[in-house]
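A short worksheet on the structure shown next.
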Amino acid sequence: MTTKKQAPVSHQILIQITDTHLMADPDSTFLNINPEESFHAVMQDIGLRYPDLDALVHTGDLAQEADPMTYSRYLTFMRLQQINFFHIPGNHDDLQRFPFKQALPIPTVIDLDPWYIVLLNSAVAGQVDGWIDQDQLQCLEPILEQYQDKYVILACHHHPIDMKSYWIDQHKLKNSPEILQVIAPYKNIKAVICGHVHQDSVNVWNNIQFLSTPSTCVQFKPRQTQFTLDQEAPGYRCLHLNSDGTFSTQIHRLVGPQSSIDQAISGY
């Protein structure tokens, strides 16, 4: 009796970076750290660990100072990496200047067949908290219908699930109940990735993993009532997307000496 060998499960690599908070002047500091230097250090680490990555997604707050030169410098640097890179805005970005890949309200969809990553804009001009507007939701539903036989990850800047930190949860994705209602019927949605909270977290709802990721610069201390910085190092997330619909994920942080964070800073 012969046994048919199972085909090996192949996988693709998706990298998430977030909250670079780049300044107009690359030599300027943000919360006592140079965000340009830490961003470049993170990208160097990614290049060493994952030279064959399939796509990289930046989940917002690309700029702290949303000057045209900030965005231009970022794009120039990323193009030199010779990788597939994508980005969505955060609350610190300028929506008029942000280099969208796809004009709003149509979400950008990254094709990593059988995985599809859908990028949603949760940034609202002049607001810290997030909102995904009706125009985007109307575009999202046909996309989810189209890819029902594939595996889907959603990405946005603001966190839909509470972090148990009162100060940052005031500025979450404010219409998350509506978003959850839209995605609930789709059992092929495997994860929602976000930034904004400058920390690693994992929450599960409806068998969907909600993942937040460390900033490439400063970190926020988890489960705090008031704004509190953390001494954790800059980092990023890697997701290994398997062809059978499963995935694994891990956080990498920079090692070695880091800039000292001023714990007396009370906001940003």
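Number 149 in my numbering belongs to position 149 of the sequence shown; there are no gaps in the numbering. Note that beta-carbon positions come from the ideal geometry of N, C-alpha and C, so glycine has one too.
Tell me whether the beta-carbon of Ile153 lies closer than 8 Å to the beta-carbon of Pro214.
On the sequence shown, position 153 is the one that residue 153 refers to. On the sequence shown, position 214 is the one that residue 214 refers to. Not closer than 8 Å, so no.
Local Cβ density within 10 Å of Gln199, reported as buried at 16 or more and exposed below that:
Position 199 of the sequence shown holds residue 199. So Gln199 ends up on the buried side.
Identity of the residues DSSP links to Thr108 by a beta bridge:
As a first step, residue 108 must be located in the sequence shown, where it is residue number 108. When beta bridges are read from the DSSP output, Thr108 appears opposite Leu119.
In angstroms, rounded to a whole number, what distance separates the CA positions of Leu48 and Glu36?
For the purposes of this step, residue 48 is taken as the residue at position 48 of the sequence shown. For the purposes of this step, residue 36 is taken as the residue at position 36 of the sequence shown. Roughly 19 Å separates the two Cα atoms.
Secondary structure, beta strand (DSSP E): runs of 3+ residues fully inside the segment 200-232
Fully enclosed beta strand (DSSP E) runs of 3 or longer: 201-205 and 208-212.
Give the range of the beta strand (DSSP E) segment to which Leu56 is assigned.
Sequence index remark: in the sequence shown, residue 56 carries index 56 (1-based). Looking at the DSSP string, the run of the beta strand (DSSP E) that includes Leu56 is Ala55 to His58.
Nearest candidate by alpha-carbon position, reference Pro142, set Cys217, Val218 and Ile106
On the sequence shown, residue 142 is found 142 positions in, with the first residue counted as 1. For Pro142, the nearest C-alpha among the options comes from Ile106.
I'd like to check one pair, Trp205 with Leu180: are the Cβ atoms closer than 8 Å?
Taking the sequence shown and counting its residues from 1, the one referred to as residue 180 is at position 180. Taking the sequence shown and counting its residues from 1, the one referred to as residue 205 is at position 205. A contact, by the Cβ cut-off of 8 Å.
Is the segment 189-197 in contact with the segment 159-177, if contact means three or more CB pairs nearer than 8 Å?
The answer is yes - the segment 159-177 touches the segment 189-197, with three or more Cβ pairs under 8 Å.
Element boundaries [alpha helix (DSSP H), containing Tyr151]
Stepping through the sequence shown from its first residue, residue 151 is reached at position 151. For Tyr151, no alpha helix (DSSP H) run applies; the uninterrupted beta strand (DSSP E) run containing it begins and ends at Tyr151 to Ala155, by DSSP.
Continuous alpha helix (DSSP H) assignments of at least 4 residues falling wholly in the segment 77-109
Complete alpha helix (DSSP H) runs here, min 4: none at all.
Could you compute how far the alpha carbon of Ser10 sits from the alpha carbon of Asn34?
To locate residue 10, count along the sequence shown from 1; it is residue 10. To locate residue 34, count along the sequence shown from 1; it is residue 34. One C-alpha to the other measures close to 38 Å.
Taking the alpha carbon of Val57 as the reference point, which residue from Asp67, Ala66, Ile110 and Pro51 has its own alpha carbon closest?
Translated into the one-based positions of the sequence shown, residue 57 becomes position 57. Nearest option by C-alpha distance: Ile110.
Using 8 Å as the threshold, is the segment 12-28 in touch with the segment 62-74, meaning 3 or more CB pairs across them?
The segment 12-28, when compared against the segment 62-74, does touch it at the 8 Å Cβ threshold.
Pairwise C-alpha distance: His158 and Asp129
On the sequence shown, residue 129 is found 129 positions in, with the first residue counted as 1. On the sequence shown, residue 158 is found 158 positions in, with the first residue counted as 1. For Asp129 and His158, the distance between alpha carbons rounds to 7 Å.
Work out the CA separation of Ile88 and Phe100 for me, nearest whole Å.
For the purposes of this step, residue 100 is taken as residue 100 along the sequence shown, with counting starting at 1. For the purposes of this step, residue 88 is taken as residue 88 along the sequence shown, with counting starting at 1. If you take the alpha carbons of Phe100 and Ile88, they lie about 7 Å apart.
Given that a residue counts as buried once 16 or more other Cβ atoms are within 10 Å of its Cβ, and exposed if not, what is Pro160?
The residue you call residue 160 lines up with position 160 of the sequence shown. Buried, since its Cβ has 16 or more Cβ neighbours within 10 Å.
Report the residue from Thr246, Lys221, Ile46 and Leu254 whose alpha carbon sits nearest the alpha carbon of Tyr151.
As a first step, residue 151 must be located in the sequence shown, where it is residue number 151. Out of Thr246, Lys221, Ile46 and Leu254, Thr246 has the C-alpha closest to the C-alpha of Tyr151.
How would you label Lys190, buried or exposed, when you count the other beta carbons within 10 angstroms and need 16 or more for buried?
For this step, residue 190 is matched to residue 190 along the sequence shown. By the 16-neighbour rule on beta-carbons within 10 angstroms, Lys190 is buried.
Using the three-state DSSP reduction, which class does Val182 fall into: helix, strand or coil?
By 1-based counting over the sequence shown, the position of residue 182 is 182. In this structure, Val182 counts as helix in the three-state DSSP scheme.
For Leu173, the first and last residue of its enclosing beta strand (DSSP E)
Here the question's residue 173 lines up with position 173 in the sequence shown. For Leu173, no beta strand (DSSP E) segment is defined, and its DSSP state is neither H nor E.
Would you list the one or two residues that DSSP bridges to Ile193?
On the sequence shown, residue 193 is found 193 positions in, with the first residue counted as 1. According to the DSSP secondary-structure assignment, Ile193 is paired through a beta bridge with Ala155 and Leu211.
Pair every Cβ in the segment 81-97 with every Cβ in the segment 114-125, then say whether three or more of these pairs are closer than 8 Å.
Contact between the segment 81-97 and the segment 114-125 is present, with at least three C-beta pairs closer than 8 Å.
Taking Ala155 as the reference, which of Met163, Gln148, Trp167 and Ile183 has the closest Cα?
Translated into positions along the sequence shown, residue 155 becomes position 155. Of the candidates Met163, Gln148, Trp167 and Ile183, Ile183 places its Cα closest to the Cα of Ala155.
Suppose you measure from the CA of Ile117 to the CA of Asn32; what does that come to, to the nearest Å?
Along the sequence shown, read from residue 1 onward, the residue named residue 117 stands at position 117. Along the sequence shown, read from residue 1 onward, the residue named residue 32 stands at position 32. Roughly 34 Å separates the two Cα atoms.
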